[in-house]
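Numbering (mature numbering (1 follows the signal peptide of the UniProt record, and there is no 0)) for the sequence shown: -24 to -1, 1 to 557. This report concerns only the one structure given below.
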Amino acid sequence: MSRHFSLNTVVILLSAIFFLSAESDHSPPFSCDPSNPSTKSLPFCNTQLPIGSRAKDLVSRLTLDEKVQQLVNTAAAVPRLNISAYEWWSEALHGVSRHGKGVSFNGTVTAATMFPQVILAAASFDSQLWYRIAQAIGDEARAVFNVGQGKGMTFWAPNINIFRDPRWGRGQETPGEDPLVAGEYGVAYVRGLQGDSFGGGQLRDGHLKASACCKHYTAHDLDNWNGVTRYVFDAIVSKQDLADTYQPPFRACVEQGQASSIMCAYNRVNGVPSCADYDLLTKTARQQWGFQGYIASDCDAVAIIHDQQGYAKEPEEAVADVLKAGMDVNCGSYLKKYTKSAVAMKKVSELDIDRALENLFSVRMRLGLFNGDPRNLQYGDIDPSQVCSQNHLDLALEAAKSGIVLLKNDLGLLPFSRAETKSLAVIGPNANDSGVFLGNYEGLPCKKITILEALEEYYVSSTKYHQGCDFVNCTSAFIDDAVETAKQADYVVLVMGLDQTLEREKHDRVELGLPGKQESLVLSVAKAAKRPVVLVLLCGGPVDVSFAKENPKIGSILWAGYPGEAGGVAVAQTLFGDHNP
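As structure tokens, this is what we get:
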């Protein structure tokens, strides 16, 4: 065997040693290490050059095989150029999430602040609050990254789809059914997460604390209903409805929020898959709205264009369709599998690939990931002490209280008086469960306290409790036992509603009433109680409780959405008047 090594071999070995050492000291992934002699003089590492020029230079140095590896969410390292691997898919809907592939909680950081699910935060109608929540999430995201527990700083939130159909399982993730509110929420979230000011326009040279992604573009509000899935759904939308309803939140996200990413949806719009629609991605977003960033597919949304929708007749056609339309990165593996053959078949040109990669690398550069060790740069001082900080926990409580809605309060039943409430019964399948507070796309909360625990700890130590149902779906109810519990108390609080087994991604509802025997349980307990009862509803989508509206034995109704990790305390404080909803 020859003892001689080529210069390229030495460069690869040096780069491999660099990556191993970076991994061992838990540093975040980055490129353009100034101590690496093989790459520090390359133009794409020169921070004095415009980011567009740097990205173009970088892409020009990649082989076709290397380019293809960058078109998917788990982008490979390019050791010969000292380019680190990168994970595009992280989630931060209402806190740094355990979902996605970019964040882990198995190191210094083991949890993150879980703010209320979006539908509840939106009910505050407080854009300053939304901005502050997103600021906190961005800080915690950067802190996780700085200690080496993040593989990227691109977060696929907010969800600004219009919650038009109340049965949609993901409506909980959105600001609701109003396009103006959805747009205002999106702008506040994007500015807060990305490091901009509340009023906007203050990003220094376009640099980002974190990258926000407005999704799912567009006319997307069905997951799985009546045999139709989001993968094959064709949203037939008039030009008027598209302009008045579905597009305004995305336009605001781009034009006002300056979002650095958009995610194209699974569904078709008027027959054309969203991720293959040149009019949507290029003409509208980039040319009309001036979008500057990257466009991601929803996960496996490229594959379904061929495999399930049949819009493309072969895989390479699907690849060509999305790249020519203006999509940049595929969540999934389809582009990794079929782009090279699509080029060989002349269905797509390498110039289309280069355009996508320049968008992708530009965002990574804006995040400061091609400027040397990010811990020595603008956001390098954000450390784990800012994760689950008291300020953030206080903000989570403020947000939960601000969104809670008092739907009924006949005869002034609420707030309870501490002096007069000698005994309290808390009944219901959601009364002693803190997990239900988190909704979906959740992370690992800093603290856990249920409504029952909060009431016992802060207000009435002699609280009596009964679950009432076997599960939240309440296929079996223990009505007689619950009634006996209610009879022993001065006041009764029923904590009912939904959870993620009943509404979630891939699972739409088929009816709007309380599930199973919950209504029977509420009516039986209310009839037996000494005084009118309080009904607390935990749910993202709406539930029909018209049976309780005119019932004099149900004195108060409180909607608390999915209130985040501080939900137990927020509900307790609202019941006893330390917060006025």
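All residues carry an ideal CB built from backbone N, CA and C; glycine is no exception.
* What is the DSSP secondary structure of residue 487, counted as helix, strand or coil? -> Here DSSP, grouped into helix, strand and coil, assigns residue 487 to coil.
* Is the closest heavy atom of the ligand ZN to the C-beta of residue 132 under 7 Å? -> This structure does not include the ligand ZN; it has no bound ligands of any sort.
* To do: Give the DSSP-derived three-state secondary structure of residue 434 in the structure shown.
  => Here residue 434 sits in helix by DSSP.
* **Euclidean distance between Cα positions of residue 565 and residue 134** => The structure shown does not extend to residue 565, since the chain is modelled only from -24 to 557, so the question has no answer here.
* Apply the 10 Å Cβ neighbour rule to residue 542 and answer buried if 16 or more other Cβ atoms are within range, or exposed otherwise. => Answer is buried; the Cβ neighbour count reaches 16.
* Asked: Just curious, the alpha helix (DSSP H) that residue 368 is in, first and last residue?
  -> In the DSSP assignment, residue 368 falls within the unbroken alpha helix (DSSP H) covering 366 to 379.
* Ignore the nearest five residues each way along the sequence and tell me which others in residue 51's own chain have a CB closer than 6 Å to its CB. => Contacts found: 62.
* What residues in its chain sit with their C-beta under 8 Å from that of residue 246, if we drop five residues either side in the sequence? -> So the list reads 210, 211, 212 and 213, once near-sequence residues are dropped.
* Take residue 319 and list the residues in its own chain whose beta-carbon comes closer than 8 Å to its own, dropping the five residues that flank it on each side. => Cβ neighbours of residue 319 within its own chain (closer than 8 Å, five residues either side excluded): 40, 325, 326 and 329.
* **Secondary structure, beta strand (DSSP E): runs of 3+ residues fully inside the region 241 to 313** => For the beta strand (DSSP E) assignment, the uninterrupted runs of no fewer than 3 residues enclosed by the region 241 to 313 are, from N- to C-terminal side, 270 to 273.
* To do: Report the rounded CA-to-CA distance for residue 216 versus residue 201, giving the unit in angstroms.
  => Near 26 Å, if we compare the C-alpha coordinates of residue 201 and residue 216.
* Counting along the chain, where does the beta strand (DSSP E) carrying residue 189 start and finish? -> Counted as a single uninterrupted DSSP element, the beta strand (DSSP E) harbouring residue 189 occupies residues 187 to 193.
* Host beta strand (DSSP E) of residue 472 (start-end) -> That run of the beta strand (DSSP E) goes 467 to 473.
* For the alpha helix (DSSP H) holding residue 106, just list the boundary residues, first then last. => Segment 103 to 122, the alpha helix (DSSP H) holding residue 106.
* Sequence-distant residues of the same chain with beta carbon closer than 7 Å to residue 394, five excluded per side -> Sequence-distant partners of residue 394 (beyond 5 residues in either direction) whose C-beta falls short of 7 Å from its own C-beta, in its chain, are 435 and 552.
* Asked: Of the residues 534, 240, 270 and 7, which one's Cα is nearest the Cα of residue 335?
  -> Measuring from the Cα of residue 335, the nearest candidate turns out to be 270.
* Taking the alpha carbon of residue 82 as the point to measure from, which residue in 121, 56, 112 and 356 has its own alpha carbon closest? -> Residue 82 has its Cα closest to that of 121, out of 121, 56, 112 and 356.
* Contact under 8 Å by Cβ, residue 546 with residue 380 -> It is a contact, given that the beta carbons lie within the stated cut-off.
* Asked: Closest by CA to residue 108, which one among 151, 399, 172 and 206?
  -> In terms of CA proximity to residue 108, 172 leads the group 151, 399, 172 and 206.
* Asked: residue 400 lies in the beta strand (DSSP E); which residues open and close that run?
  -> 400 to 403 is the span of the beta strand (DSSP E), which, as asked, contains residue 400.
* To do: Starting from residue 531, follow the beta strand (DSSP E) in both directions and report where the run begins and ends.
  => According to the DSSP assignment, residue 531 belongs to the beta strand (DSSP E) that extends over 530 to 535.
* Cβ-Cβ distance between residue 496 and residue 458 below 8 Å -> Cβ distance not < 8 Å, so residue 496 and residue 458 don't count as in contact.
* To do: Please state if the CB of residue 144 and the CB of residue 411 are separated by a distance shorter than 8 Å.
  => Residue 411 places its beta carbon 8 Å or farther from that of residue 144.
* Buried versus exposed, by CB contacts within 10 Å (16 or more), residue 488 -> Exposed, because fewer than 16 other Cβ atoms sit within 10 Å of the Cβ of residue 488.
* **Local Cβ density within 10 Å of residue 250, reported as buried at 16 or more and exposed below that** => Buried.
* With respect to the alpha helix (DSSP H) encompassing residue 44, which residues constitute its N-terminal and C-terminal limits? -> From DSSP, the alpha helix (DSSP H) with residue 44 extends over 40 to 45.
* Asked: How many angstroms separate the CA atom of residue 383 from the CA atom of residue 532?
  -> Those two C-alpha atoms are separated by around 7 Å.
* Drop a sphere of 10 angstroms on the beta-carbon of residue 178, count the other beta-carbons inside from all chains shown, and report buried for 16 or more, exposed for fewer. => Classification of residue 178: exposed, given that the 10 Å Cβ count is below 16.
* Asked: Between which two residues does the beta strand (DSSP E) carrying residue 161 extend?
  -> Here residue 161 belongs to no beta strand (DSSP E); instead the alpha helix (DSSP H) covers 155 to 170.
* Leaving out five residues before and five after residue 292 in sequence, what residues of the same chain have Cβ atoms less than 7 Å from its Cβ? -> Only residues of its own chain outside the window of five on either side were considered, and among them 314, 317, 318, 321 and 323 have a CB closer than 7 Å to the CB of residue 292, listed in chain order.
* Asked: CA-CA distance, residue 544 and residue 305?
  -> Separation of residue 544 and residue 305 (C-alpha to C-alpha, rounded to the nearest whole angstrom) is 40 Å.
* Asked: So which of 359, 399 and 59 has the shortest CA-CA distance to residue 348?
  -> It is 59.
* To do: Identify which residue in 302, 164, 310 and 351 has its Cα closest to the Cα of residue 331.
  => Closest in C-alpha terms to residue 331, from the list 302, 164, 310 and 351, comes 302.
* Asked: Any idea what DSSP makes of residue 210, helix, strand or coil?
  -> Residue state, collapsed to three classes: strand.
* Asked: Whose C-beta lies closer than 6 Å to the C-beta of residue 399 among residues of the same chain, with five residues either side of it excluded?
  -> When the five nearest sequence neighbours on each side are left out, the beta carbons in the same chain lying within less than 6 Å of the beta carbon of residue 399 are those of 438, 465 and 466, in order along the chain.
* Asked: Cα-Cα, which of 265, 197, 254 and 441 is closest to residue 226?
  -> Comparing Cα positions, the closest option is 265.
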